[in-house]
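The next block holds one structure in the form of structure tokens; read it before the comments.
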Amino acid sequence: MKLYEMNTREKLKKLITDSLESIVGDVAINQITIEIPKSAEHGDYSSNIALQLAKKLRKNPRQIAEAIRGSMPHDTILEKVDIAGAGFLNFYLRSQVKQRIVVDILTKSDQFGAFDHGVGKKVLLEFVSANPTGPLHVGHGRGAAFGASLSNILKKCGFLVSREYYVNDAGRQTDILTVSVWCRYLELSGLEQEFPSKGYKGKYIKDLANLIKAKYGDRWLKQFQITNLPHTTQDDEMLIDLIIKEAKRLLGKDYYLLKKLSLESQLMTCKEDLSLFRVDFDGWFSEESVFSNGMVREICDRLNQGGYTDVREEAIWFKATEFNDDKDRVLKRANGDYTYFASDIAYHHDKYSREFDKLVNVWGADHHGYIARVKAALQGLGHNTDILEIILIQFAVLFRGQQKVPMSTRSGEFVSLRELIDEVGVDAARYFYALRKSDQHLDFDLDLAKAKNNENPVFYVQYAHARCSSLISKWNGKIEELTRFAQQTNLDQPDELLIMQKLAEYPDVLKKCCQDLVIHNVPTYLRELSHLLHRYYTATPVLSADEPERSARVSLVAAVKQVLHNGLSLLGVSAPDKM
RNA sequence: GUGCCCGUAGCUCAAUCGGAUAGAGCACCAGCCUUCUAAGCUGGGGGUUACAGGUUCGAUUCCUGUCGGGCACGCCA
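Sequence positions in the first sequence follow numbering that gives the first Met the number 0 and run 0 to 578.
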């Protein structure tokens, strides 16, 4: 099925192409761009083709534009063609043609805005991937909101998207989680002592210890005093490692049971929070699995066979400098443990084996130094890193009014995603996160976000939607007949034409998002469309107008409502009928 | 110190792979509810796009340098 918006654009391109052929012959003109101008004064569509050809043809751009217009075949969709500015061709559509967008939207409903840019392309979108060692915080929330919205947009545009969460259920942090729970557990049993400074201090650890004690009893109860450790130390990092070692010795198999229970509990909380936040995943990829299935060893072997490894000071290094990284990187430590880097290579190696056309990673911006080494390793394994796209999400800097809120998962000083949701609601949080370009710092004022008043931009858009709904429900006509009304009566007031022009822009917004892998254009667009609707609502009577304008206007309002609904749903924000 | 990202209205941010007079929101000022939801609308002031050069018909956008901010530079994850 040909799409209306593509139709118009293709038609304009064809007109220009035909015209150019007749005046300049076979000049290479494969990239004619038809854009929607920022200002409605510049027409419904415009092209800068004359400016682009100016150098090649060694002619004044305005003259070229004149020539193009002069030999352009007449077409019924056009009201007029203007030449403006330095040599822009501005196309004005006849209002009846513009009005087709209303019919198009009402016909396609939820599918309006979709296009075939991504048809058949498989994309793996990995996001959040926070350590299951504590609740998700507001920093993770931004990545979650971004990934979920981006995947919605990509899907809408035909991409086959798999959403994946990489679960770091291996490594030192998971041991720290385990002994943190254990220490709290011992406290509960009356073995009070100073809590290790490098342990996780959040209240959730105590809650978890409580839960485990209530459910499983005293099986982890051992006589243990930090001060009685075989090698006491002043170094906090070494101390926590000693505790881990001692816990493993004292608890034996039960240590791993405690670890399993702790991780499962954290992961469950994480899944619940994400679900509440309307963020879903297709797969949860376990880091532990790439160890147990031998993948980590395999990729190390392969890098070794390629001659890309080195043994120095009893550790195995990957020669990342041979692939444009500034340092070589350790794969396997002197103590025999693999690094996080090694398992991450294995994970990405696995991604490649699953035959995606594009791999997208959404990472916290603090990981940017990590990109070069991962790409280097993947190149060492013979993979094409051009298909791997890494999007960095800057952390949200929290404020309570003027006061900056310090955040650190380990110290337990953070605002959880759950807390944010409870305070401001999912709608406001999702919209707020989507508002800004992800590679920009986001000042997140909690007091402002908590305030459920008109300061929050999500209400503006939702209110526009609610107003549309209200009009339609009071209209008392048959919804199925709206498309007929949209065709029968001309809507050619300036504000109506502006709305139709804006509606036609929606597919462009989604396309842009897919091309740039961004989402912030959606809220920007929704605000603009909402503004036009509010203005129309204030200035033009709809229900109190006479027929046939009355029903035709309702059809326009219905089209706006549909697009607002479509856009909000991509962002995971509800579109209420009443407010 | 080295690398990456960033610097746009008082504040928070946009600006369609180099395009037209750099746009919104908040804040400020002046107006609009006996009519479909005032969580709204209308009008107004506000800018050397950090600074200095360069590339060209044209630069917020690309290149170089300076200043300022963030992040990363671990046998942590």
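Glycine included, each C-beta is placed from N, C-alpha and C at the ideal position. Here the structure is a predicted model, which means the values were calculated and not measured.
task: Determine, using beta carbons only, whether Ile48 and Arg68 come nearer to each other than 9 Å.
output: One-based indexing of the first sequence puts residue 48 at position 49. One-based indexing of the first sequence puts residue 68 at position 69. By the CB criterion at 9 Å, Ile48 and Arg68 fall outside the cutoff.
Check: Whose C-alpha, out of His382, Glu354 and Asp515, is nearest the C-alpha of Arg123?
Finding: Residue numbering aside, residue 123 sits at position 124 when the first sequence is read from its first letter. Strictly speaking, residue 123 in this sequence is Leu, with Arg absent from that position. Ranking the options by Cα distance to Leu123, first place goes to Glu354.
For the beta strand (DSSP E) that contains Gly119, what are its first and last residues?
-> Reading the first sequence from its first residue, position 120 is the one you call residue 119. Annotation for Gly119: no beta strand (DSSP E) segment contains it, and DSSP assigns it neither H nor E.
- Within 10 angstroms of its Cβ, does Ile344 collect 16 or more other Cβ (buried), or is it exposed? Start at 1 with the first residue of the first sequence, and residue 344 comes out as number 345. Under this definition Ile344 is a buried residue.
Taking C-beta to C-beta, are Arg57 and Gly86 nearer than 9 Å? Within the first sequence, numbered from 1, the residue matching residue 57 stands at position 58. Within the first sequence, numbered from 1, the residue matching residue 86 stands at position 87. Cβ atoms of Arg57 and Gly86: not closer than 9 Å.
With DSSP as the reference, please indicate the residues paired to Asn89 in a beta bridge. Looking up residue 89 in the first sequence gives position 90. Partner(s): Ser45 and Asp81.
task: Tell me whether Thr408 is buried or exposed, calling it buried when 16 or more other Cβ atoms sit within 10 Å of its Cβ.
output: Within the first sequence, the letter at position 409 stands for residue 408. Confidence at Thr408 is low in this model, with a pLDDT of 49, below 50, so its placement is unreliable and the value that follows should be read with caution. That one is buried.
Nearest-angstrom Cβ-Cβ length linking Leu485 and Val101, presumed shorter than 8 Å: For this step, residue 485 is matched to residue 486 along the first sequence. For this step, residue 101 is matched to residue 102 along the first sequence. What sits at residue 485 in the sequence shown is Ala, not Leu. Between Val101 and Ala485 the Cβ distance is about 4 Å, and since that is below 8 Å, they are a contact.
Checklist entry - Which two residues bound the contiguous beta strand (DSSP E) that contains Tyr164? => result As a position in the first sequence, residue 164 is number 165, starting the count at 1. From DSSP, the beta strand (DSSP E) with Tyr164 extends over Leu159 to Val166.
Please report the distance separating the alpha-carbon of Ala169 from that of Glu286. Looking up residue 169 in the first sequence gives position 170. Looking up residue 286 in the first sequence gives position 287. CA-CA distance, Ala169 to Glu286, rounds to 6 Å.
For Ile420, is the classification buried or exposed, using 16 other Cβ atoms within 10 angstroms of its Cβ as the cut-off for buried? One-based indexing of the first sequence puts residue 420 at position 421. With 16 or more other Cβ atoms from the protein chains shown falling within 10 Å of its own Cβ, Ile420 counts as buried.
Which partner residues does Phe317 have in the DSSP bridge list? Here residue 317 corresponds to residue number 318 of the first sequence, with the count starting at 1. Note: Phe317 is bridge-paired with Thr308 and Arg328 in the DSSP secondary-structure output.
Three-state class that DSSP yields for Glu34 in the structure shown: In the first sequence, counting from the first residue as 1, residue 34 sits at position 35. Strand, per DSSP.
From the DSSP secondary-structure annotation, give me the bridge partner or partners of Gly170. Here residue 170 corresponds to residue number 171 of the first sequence, with the count starting at 1. Its beta-bridge partners do not exist; DSSP assigns none.
Pull up the DSSP beta-bridge partners for Ile389, would you.
Working through the first sequence from its first residue, we reach residue 389 at position 390. Answer by DSSP bridge pairing, in chain order: Asn360.
- prompt: Under the rule that 16 or more other beta-carbon atoms within 10 Å means buried, what is Arg534, buried or exposed?
  reply: Here residue 534 is taken as the residue at index 535 of the first sequence, counted from 1. It is exposed - the Cβ of Arg534 has fewer than 16 other Cβ atoms within 10 Å.
Evaluate Gly368 with the Cβ neighbour count: other Cβ atoms within 10 Å of its Cβ, from every protein chain shown; 16 or more gives buried, anything less gives exposed. Here residue 368 refers to the residue found at position 369 when the first sequence is read from its first residue. Classification for Gly368: exposed.
**Prompt:** Do you know how far the Cα of Asp234 is from the Cα of Ile242?
**Reply:** Locating residue 242 in the first sequence gives position 243, where the first residue counts as 1. Locating residue 234 in the first sequence gives position 235, where the first residue counts as 1. Those two C-alpha atoms are separated by around 12 Å.
Next item on the list: Report the option in Thr75, Ser161, Gly379 and His519 whose CA atom is closest to the CA atom of Phe431.
Entry: Taking the first sequence and counting its residues from 1, the one referred to as residue 431 is at position 432. Checked all of Thr75, Ser161, Gly379 and His519; the closest Cα to Phe431 is His519.
*Tell me Asp240's beta-bridge partners as DSSP assigns them.*
As a position in the first sequence, residue 240 is number 241, starting the count at 1. Per the DSSP secondary-structure output, Asp240 pairs with nothing in a beta bridge.
- Task: Tell me where the alpha helix (DSSP H) around Phe355 begins and ends.
- Result: Looking up residue 355 in the first sequence gives position 356. Phe355 -> no alpha helix (DSSP H), and no H or E assigned at all.
query: Name the DSSP bridge partner or partners of Val396?
result: Counting from one through the first sequence, the residue named residue 396 turns up at place 397. Looking at the DSSP assignment, Val396 forms a beta bridge with Asp442.
>> Going residue by residue through the stretch 476-531, where are the continuous alpha helix (DSSP H) segments of at least 4 residues, counting only ones entirely within it?
In response: If we require 4 residues or more, the alpha helix (DSSP H) runs fully inside the stretch 476-531 come out as 481-487 and 493-515.
query: Which residues mark the beginning and the end of the alpha helix (DSSP H) in which Trp219 is found?
result: As a working mapping, residue 219 is identified with position 220 in the first sequence. No alpha helix (DSSP H) holds Trp219; DSSP gives it neither H nor E.
Under the DSSP definition of a beta bridge, which residues are partnered with Gly282? Locating residue 282 in the first sequence gives position 283, counting from the first residue. DSSP lists Glu163 as partners of Gly282.
Just checking my contact of Phe340 with Glu163 at CB under 8 Å: how many whole Å lie between their CB atoms? Locating residue 340 in the first sequence gives position 341, counting from the first residue. Locating residue 163 in the first sequence gives position 164, counting from the first residue. Rounded, the Cβ-Cβ distance is 19 Å, inconsistent with contact.
Member of Leu502, Thr539, Asn453 and Trp316 whose CA lies at the smallest distance from the CA of Val521: One-based indexing of the first sequence puts residue 521 at position 522. Of all alpha-carbon atoms in Leu502, Thr539, Asn453 and Trp316, the one lying nearest the alpha-carbon of Val521 is that of Leu502.
Inspect the CB distances between the stretch 480-495 and the stretch 454-467 and report whether three or more fall short of 8 Å.
Because the criterion of three Cβ pairs below 8 Å is not met, the stretch 480-495 and the stretch 454-467 do not touch.
message = Bridge partners for Tyr415 per DSSP, in chain order?
response = Here residue 415 refers to the residue found at position 416 of the first sequence. Sequence inspection shows Ser at residue 415; the Tyr mentioned does not correspond to that position. Assignment of beta-bridge partners to Ser415 by DSSP yields His136.
> Which term fits Ser529, buried or exposed, when burial requires 16 or more other beta carbons within 10 angstroms of its beta carbon?
Replying inline: Here residue 529 refers to the residue found at position 530 when the first sequence is read from its first residue. Counting Cβ neighbours within 10 Å, Ser529 comes out buried, since at least 16 surround it.
Does DSSP put Tyr199 in a helix, in a strand, or in coil?
If you number the first sequence from 1, residue 199 lands on position 200. Residue state for Tyr199 is assigned as coil, using DSSP reduced to three classes.
Original post:
Taking the C-alpha atoms as reference points, what is the distance between Asp279 and Leu210?
Top reply: Position 280 of the first sequence, counting from 1, holds the residue named residue 279. Position 211 of the first sequence, counting from 1, holds the residue named residue 210. About 27 Å.
* To do: Take Lys79 and list the residues in its own chain whose beta-carbon comes closer than 7 Å to its own, dropping the five residues that flank it on each side.
  => By one-based count along the first sequence, residue 79 stands at place 80. If we look at Lys79 and ignore the five residues flanking it on each side, its Cβ neighbours are Tyr91.
Write down the C-beta distance between Asn167 and Asn130 rounded to the nearest angstrom, noting that I regard them as a contact closer than 8 Å.
As a first step, residue 167 is located in the first sequence; it is residue number 168 there, counting from the start. As a first step, residue 130 is located in the first sequence; it is residue number 131 there, counting from the start. In this structure Asn167 is in contact with Asn130, their Cβ atoms being roughly 5 Å apart against a cut-off of 8 Å.
| request: Given a cut-off of 9 Å, decide if Ser18 and Thr32 are closer than it, judged by their beta-carbon atoms. | output: Counted from its first residue, the first sequence places residue 32 at position 33. Counted from its first residue, the first sequence places residue 18 at position 19. Contact: no.
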